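**Student:** Mind having a look at this structure? Questions to follow.
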Amino acid sequence: MHIRRVPFDHPDATKLNDQVQAEYHVRYGDGGDATTMAAADFAPPNGTYLIAYDEYDSPVASGGWRAQDLNDEGNLDGDAEIKRMYVVDGMRGRGLARRILAALEEDARAAGRTRMVLETGTKQPEAIALYTSSGYEPCGKFGYYRHYESSRCFAKSL
């Protein structure tokens, strides 16, 4: 696997984002994640977007972080919010998400962020298992889905 930094609007990022949105729709029946995001959110030094490519140069996993500071959606100064963690179906169970997550944490730390945060949902138990096994702990709810019962928010000090 080769992990590359790409713009959030790169064609491979768009392809994987469409796939994760379709999966969210299947799991939650709501059309996908409605969180507002822009390509500029993931531009260094205020964020990054990573894609893992297999030996055939096919995109197989993705994830990004974007800077967040104190706001009315519950973020705190120094937050780095994880967005769009995804591994294509046939490549799951190989540690790709864990590798992307570690690379995102290192990048956010190098950018001066002090806490990594993420929001997931109760219909994504494998995501919750990944994050809790990687040192993330439940935190106060934040973001677009903070008022949803199915929302679960986690944080890890960087």
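Residue 115 in UniProt numbering sits at position 115 of the sequence shown, and the numbers go up by one each step. Ideal Cβ placement from N, Cα and C applies to all residues, glycine included. As the structure is a prediction and not an experimental result, all values here were calculated from the model.
(1) Tell me which residue opens and which closes the beta strand (DSSP E) that residue 59 is part of.
(2) Just verifying my parser: in three-state terms, what is the DSSP assignment at residue 152?
(3) The alpha helix (DSSP H) with residue 107 in it runs from where to where?
(4) Measure how close the beta-carbons of residue 91 and residue 63 come, nearest whole angstrom, since I'm counting them as under 8 Å.
(5) Within 10 Å of its beta-carbon, does residue 47 have 16 or more other beta-carbons around it, so buried, or fewer, so exposed?
(6) Thinking C-beta only, is residue 152 closer than 8 Å to residue 122?
(7) Taking the straight line between their C-alpha atoms, what separation do you get for residue 35 and residue 56?
(8) Residue 138 by DSSP, collapsed to three states: which one?
(9) Does the region 67-79 come within contact of the region 1-15, defined as at least 3 CB pairs closer than 8 Å?
(10) With distances taken from CA atoms, which of 156, 157, 144 and 158 is nearest residue 73?
**Tutor:** The structure says:
(1) Numbered from its first residue, the sequence shown carries residue 59 at position 59. Element bounds for residue 59: 59-68.
(2) The sequence position of residue 152 within the sequence shown is 152, counting from 1. In the structure shown, residue 152 sits in a strand (DSSP, three-state: E or B).
(3) Along the sequence shown, one-based indexing puts residue 107 at 107. Residue 107 -> alpha helix (DSSP H) spans 96-110.
(4) Counted from its first residue, the sequence shown places residue 91 at position 91. Counted from its first residue, the sequence shown places residue 63 at position 63. Actually they are not in contact, since the Cβ atoms of residue 91 and residue 63 sit about 13 Å apart, beyond 8 Å.
(5) What you label residue 47 is simply residue 47 of the sequence shown in a count that begins at 1. With 16 or more Cβ atoms within 10 Å of its Cβ, residue 47 is classed as buried.
(6) Taking the sequence shown and counting its residues from 1, the one referred to as residue 122 is at position 122. Taking the sequence shown and counting its residues from 1, the one referred to as residue 152 is at position 152. In this structure, residue 152 lies closer than 8 Å to residue 122 by Cβ.
(7) Taking the sequence shown and counting its residues from 1, the one referred to as residue 35 is at position 35. Taking the sequence shown and counting its residues from 1, the one referred to as residue 56 is at position 56. C-alpha separation (whole angstroms): 32 Å.
(8) Counted from its first residue, the sequence shown places residue 138 at position 138. Residue state, collapsed to three classes: strand.
(9) no
(10) Start at 1 with the first residue of the sequence shown, and residue 73 comes out as number 73. When each option's Cα is compared against that of residue 73, the closest is 144.
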